[in-house]
Amino acid sequence: MDLVGIELGGTKCICTLGTDRGDILASLRVPTRRNSDETLHEISTGLHELIRQQKQTASSFDPVGLGIGSFGPLDLNPSSAGFGSVTATPKPGWSHKNILQPLSTQLHLPATITTDVNAAALAEGRWGAAQGLDHFIYVTIGTGIGAGIVSQGHLLNGLTHPEIGHMRIPVARNGQMSSAGFKGVCSFHDDCLEGLASGPAIEARTGLKGSEIQKDHVIWEDVTQALAYMCHNLTLMFAPQRILLGGGLIMGQPHLINSVQEKFLLSLNDYAQLPQLIGDITHYIQRAGLGDQAGPLGTLALAQQAAQHKRL
Ligand code: ZN
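With our numbering, the residue at position 168 of the sequence shown is 168, and numbering never jumps.
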């Protein structure tokens with residue numbers, strides 16, 4: 001089955017031609033401009049050309065579905081008039097912009113949309129480190145922090161998609177975090193996870209980008225403590241079979257995962273007596289498997305669901 005995917009990011013969009021086997025055949029990058037109409041037009045004309053070129057290479061190429069993974073927040077309520085739109089965003093030019101409808105129309109394909117992190121979670125379940133699992137959580141940690149929660153094989157969406165990056169984190173409890181006094185960088189909540197442990201939070205505290213910081217820097221104690229509390233909360237709320245950690249920060253500093261695992265066990269304090277949560281938890285909290293391919297592959301997984309009219 002031939003498919004088309006679009007990952008709409010804060011600074012760039014990745015358009016992908018591929019298959020339901022997870023083969024990426026061709027891709028194209030388009031800058032995310034302030035003018036949303038211009039960006040969507042550039043995506044659809046670029047994809048028309050890419051599809052034309054692909055048909056020259058392989059005349060049998062015939063896409064049947066379009067998957068869109070986008071930055072949020074998004075309106076994902078199918079009965080809402082704004083379904084498929086970005087809702088209120090501080091990003092200039094994009095508030096209340098419908099993404100799904102114009103791209104589906106311009107590309108003449110059945111389409112579906114979810115958040116970029118939800119799409120990446122689908123890809124991890126299909127081809128990555130959560131294969132064979134019905135309940136898992138994929139967390140991306142980078143400029144922002146977000147998660148795709150898969151429950152009983154489906155993405156968990158309610159009033160809207162989950163926004164786990166804004167869960168509150170106890171900053172100075174029992175003296176475990178030395179960041180007491182640091183307000184956090186989230187303009188809504190100060191001491192939420194994203195405010196304390198995202199790339200911008202790390203940069204605000206150290207003056208350095210996460211990738212430039214030494215492995216033994218004291219900042220990692222606080223970052224991994226916040227991520228351990230996140231894993232504690234996610235475990236007790238959703239009881240997943242596995243938590244995957246991915247995104248730019250983890251890809252650049254993979255050693256952080258061991259420290260998150262250790263602090264998670266201390267935080268849980270033997271509460272949930274399940275074999276998966278005692279001792280060796282290297283399979284319970286682990287690094288995501290697909291790296292920066294999770295997003296593009298996720299849009300192909302979405303496209304397949306659009307073609308088959310499946311529930312996400
Ligand atoms: Zn926040």
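Heads up, the beta-carbon is just placed ideally off N, CA and C, and yes, glycines get one too. Quick caveat: nothing in here was measured; it's all calculated off a predicted structure.
Do you know offhand how far residue i's Cα is from residue j's?
i, j, result
"Thr32", "Trp94", "10 Å"
"Thr114", "Gly125", "15 Å"
"Leu76", "His48", "26 Å"
"Val223", "Gln273", "26 Å"
"Arg18", "Leu266", "With the sequence shown as reference, residue 18 is identified as Gly, and Arg is not the correct amino acid for it. Computed Cα separation, rounded: 43 Å."
"Gly9", "Lys263", "32 Å"
"Asp20", "Gly153", "17 Å"
"Val4", "Leu155", "20 Å"
Hey, quick one: how far does the beta strand (DSSP E) through residue i stretch, first residue to last?
i, result
"Thr114", "Ala111 to Thr115"
Check each candidate in the options and name the one with the smallest Cα separation from residue i.
i, options, result
"Leu133", "Ser151, Gln101, Gly144 and Asn269", "Ser151"
"His161", "Lys55, Ala111 and Thr87", "Thr87"
"Ile51", "Glu194, Ser259, Leu25 and Pro78", "Leu25"
"Gly199", "Leu28, Val117 and Gly144", "Gly144"
"Leu66", "Glu194, Pro102, Arg242 and Gln241", "Pro102"
"Asp70", "Asp216, Leu40 and Lys209", "Per the sequence shown, residue 70 should be read as Ser rather than Asp. Of the listed residues, the one whose Cα sits closest to Ser70 is Leu40."
"Met167", "Asn157, Leu159 and Phe188", "Phe188"
Mind checking which residues open and close the alpha helix (DSSP H) that includes residue i?
i, result
"Glu163", "No alpha helix (DSSP H) contains Glu163, which DSSP labels as neither H nor E."
"Val260", "Leu256 to Leu268"
"Gln106", "Leu100 to Leu107"
"Pro296", "Ala294 to Gln308"
"Tyr271", "Tyr271 -> no alpha helix (DSSP H), and no H or E assigned at all."
"Leu196", "Leu193 to Ala197"
"Arg33", "Element bounds for Arg33: n/a, residue is neither H nor E."
Measure the Cβ-Cβ separation of residue i and residue j and say whether it is below 8 Å.
i, j, result
"Leu227", "Ala204", "no"
"Thr299", "Thr16", "yes"
So, for residue i: in the same chain, excluding its five sequence neighbours on each side, which residues have a beta-carbon less than 8 Å away from its beta-carbon?
i, result
"Gly246", "Ala120, Glu124, Tyr138, Val139, Thr140, Ile141, Arg287, Ala288, Leu290, Gly291 and Ala294"
"Met251", "Gly291 and Asp292"
"Gly175", "In this prediction, Gly175 scores a pLDDT of 48, lower than 50, which makes its location untrustworthy; the coordinate-derived value is nonetheless stated afterwards. The answer is none, since no qualifying residue turns up."
Using a beta-carbon distance below 8 Å, is residue i in contact with chain D?
i, result
"Ile213", "Annotation note: the requested chain D is absent from the structure, which comprises a single protein chain."
Among residues of its own chain, excluding the 5 on either side of residue i, which ones have a beta-carbon nearer than 7 Å to its beta-carbon?
i, result
"Trp127", "Gly22, Leu290 and Leu297"
Between residue i and the rest of its own chain, which residues show a CB-CB distance below 6 Å, the 5 nearest in sequence each way excluded?
i, result
"Glu42", "Val30"
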